[in-house]
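K.L.:
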């Protein structure tokens, strides 16, 4: 642990002041990780501050009679090295004074109060502008309303109420289990544009109940609810209440209960809506059935995905913070990352760390990295979604959020480099380190070429694939091949029997013999009739030849050499087959190739490679034999997009990665158009693919810097979302 500087060059400005805590300040005691802390609450601004025991003692000694220096020296006498340094004492006094928690009789306070009030409003307005995705509009003070509702719900805010809640949720899940397929199938209709109106109404109502849950449980434990309003979540209104008074609750499980209150109330609504939905399954087109599904969908999916997510500053975040007993988790994790760079990159040895606990340090570091990555993911996903619905608004939102989340911090960092007091004796070194760090990122990302790999899924297919059909009606007597068997051209696959056909052949031969006998008799007695009998004989012989041809068709033979795939001919033995009915498929396993499906974002480079404008290399790996890599050559790129997949194995239902249409029964109708690429496997070892076998493909494009690769992918992603 580094030495802390005891003295400050600015101490003379405050050493003779005699400040004191204002009488309206409230202080409550809490315990975090076995240590005592004190939460300072300002009811006028509803702000909260956390003090350790020594800082709390320091503030408590500021009674308006002692000077700041007397209080500091007294703390030094009592706590020695654990006492706050002059810099820490200055920071604490400035924070409390700026929050109107300290008063100083030596200076006129009215103007200071007004100025500090304006400063707080300015900071709040800047915070609203920066967080435009979570913009808040205050409406009224709901404390009286919550105080009237709380006694009614008080019997349920207990252990018995929790047991009843768990029983209701469990019973609802049991009721939904037999209808799981129908439940999943209705999701597409729930998010359809025609249902957006009712979905919005149900969303606002369920979120109002959600916020009521926070407020009622907080009131039950003695807290105040001073503010209620609307939060514009990506410009969509959602109710909110200020439940920050939960921070003054001494018991951490009560604080967790307040954080979970909204989700508990919402899941209760979801359970009741689930029972209504199950009860109205016979009237699926009714408004009641649709509203019940909307409420169940919103009160369960949104709660789990958003409110319970600890990486966003919603309920799950505060619950996690209380559970692991690390307050201000997000701010302190960001400060830890900043401290790491200031300490190790800029060598600021006296920079205070947000924590001295090794366990807290690991938690804060992990949370800081995960929350930063999630913020980037959230920014991209929300912006792309809004751009897909309203391109102009989404573009404005992207520019504004980029400026607030990225450019503004960069500007603050540059200002810190130029005027930060901590760098007064090493500013040029800090500037040099910053430039080196920037170059360490820019050079490998923006200048050094890296292989550009693109991935796709494919399936092994035969160039020659022929359907085998019955050529005549009959009973299937015997099958001579099964799926997977290899047959040669002309080899028998199945045999039919048709007694009626045999009878017609016998009758035809008898008729021919009769006509020949009559023609012989006419030659002796009536030569004029011979021509008539010859015409009849030709017609009968032609008919007999047709029947004999059909009898030959009773033996189903392979049209060419290959492997039997598809249906099992043996399963048809004993059944009556119709002419033209499919029996199986025959693929030529000597002429296999790979059919890959590319999305709309990936077809441009494949087309360029086919035209010779781009050098492209491809490798395939069988999913069943991932250790085998086979080089491939691009044979053809079908430039016209199509929704019918080359094989069902490429779709979700077949184990692939391509989403199909919700109403598709074939399993081969993709939800978005796909572009097929035909590849010829090279002579690599292990090339023993079977038709229908899935493969993973990796295409290697010419090397480019990562920045250009990411920009290209982002451009294609935006094009696919906004349909440019």
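In our numbering, the protein residues as written are 681 to 1404.
All C-beta atoms in this analysis are idealised placements derived from N, C-alpha and C, irrespective of residue type, glycine included.
Computed from a predicted structure; not experimentally measured.
1) With a cut-off of 8 Å on the beta carbons, I'd call residue 1324 and residue 1331 a contact; round off their distance for me.
2) What separation, rounded to the nearest whole angstrom, lies between the Cα atoms of residue 1205 and residue 1212?
3) Excluding the five sequence neighbours on either side, which residues of its own chain have a C-beta within less than 6 Å of the C-beta of residue 1389, listed in chain order?
4) Would you check if the distance between the CB atom of residue 967 and the CB atom of residue 859 is smaller than 8 Å?
5) DSSP state of residue 904, grouped into three classes?
6) Short of 7 Å in beta carbon distance, which residues of its chain neighbour residue 886, apart from the five on each side in sequence? Order them along the chain.
7) Taking 8 Å as the threshold, find out whether the stretch 1249-1262 comes into contact with the stretch 1282-1297 through three or more Cβ pairs.
8) Could you tell me which uninterrupted beta strand (DSSP E) segments, each at least 3 residues in length, are contained entirely in the stretch 1244-1271, listed from first to last along the chain?
9) Taking 8 Å as the threshold, find out whether the stretch 1376-1389 comes into contact with the stretch 1233-1251 through three or more Cβ pairs.
10) How far does the alpha helix (DSSP H) with residue 830 in it extend, from its first residue to its last?
11) Does the structure place the stretch 718-730 close enough to the stretch 745-755 that three or more beta carbon pairs sit under 8 Å?
12) Check whether the stretch 1046-1054 and the stretch 1139-1146 are in contact - that is, three or more C-beta pairs closer than 8 Å.
13) Considering only the alpha carbon of each residue, which of 1182, 1361, 755, 1126 lies closest to residue 1224?
14) In angstroms, rounded to a whole number, what distance separates the CA positions of residue 939 and residue 983?
15) Quick one: complete beta strand (DSSP E) runs, 3+ long, within the stretch 737-776?
16) Would the beta-carbon of residue 1358 fall within 8 Å of that of residue 1273?
17) Quick check on residue 932: does DSSP put it in helix, strand or coil?
18) Identify which residue in 1111, 1313, 714 has its Cα closest to the Cα of residue 1380.
19) Going by other Cβ atoms of all chains shown within 10 Å of its Cβ, with 16 needed for buried, is residue 1391 buried or exposed?
20) When you compare only the Cα positions, how much space is there between residue 1244 and residue 1370?
21) Which residue spans inside the stretch 1090-1149 form an unbroken alpha helix (DSSP H) run of at least 4?
22) Given residue 999, which residues of its chain have a CB within under 7 Å of its CB, disregarding the five upstream and five downstream residues?
23) Apart from the five residues just before and just after residue 1147, which ones in its own chain have a Cβ nearer than 7 Å to its Cβ?
24) I'd like to check one pair, residue 958 with residue 1061: are the Cβ atoms closer than 8 Å?
25) Is residue 782 near residue 773, with beta carbons less than 8 Å apart?
26) So residue 1174 packs on residue 1156, CB below 8 Å; how close in whole Å?
27) Just curious, the beta strand (DSSP E) that residue 1222 is in, first and last residue?
28) Measure the C-alpha to C-alpha separation of residue 699 and residue 775 and round it to an integer number of angstroms.
29) Spatial neighbours of residue 792 within its chain, please: C-beta separation below 7 Å, excluding the five flanking residues on both sides.
30) Identify which residue in 924, 880, 1236, 1094 has its Cα closest to the Cα of residue 1171.
31) What would DSSP say about residue 703, mapped onto helix, strand or coil?
32) Rounding to the nearest angstrom, what Cα-Cα distance links residue 788 and residue 693 in this structure?
33) With burial defined as no fewer than 16 other Cβ atoms inside 10 Å of the residue's Cβ, what is the status of residue 987: buried or exposed?
34) DSSP on residue 1394, reduced to helix/strand/coil?
35) I need the DSSP call for residue 837, collapsed to helix, strand or coil.
36) For a quick check, are the C-beta atoms of residue 1238 and residue 1168 less than 8 Å apart?
P.N.:
On the basis of the data shown:
1) Wrong, their Cβ atoms sit about 11 Å apart, outside the cutoff.
2) 14 Å
3) 1132
4) no
5) coil
6) 946, 949, 975, 978, 979
7) no
8) 1262-1267
9) no
10) 823-833
11) no
12) no
13) 1182
14) 12 Å
15) none
16) yes
17) helix
18) 1313
19) exposed
20) 11 Å
21) 1107-1122
22) 936, 939, 940
23) 1262, 1265
24) no
25) yes
26) 6 Å
27) Segment 1210-1232 is the alpha helix (DSSP H) holding residue 1222; no beta strand (DSSP E) there.
28) 13 Å
29) Since pLDDT at residue 792 reaches only 49, below the 50 mark, its modelled position is unreliable, and no value is offered.
30) 1236
31) coil
32) Residue placement at residue 788 cannot be trusted, given a pLDDT of 40 that sits under 50; the coordinates are not used to answer.
33) buried
34) helix
35) coil
36) yes
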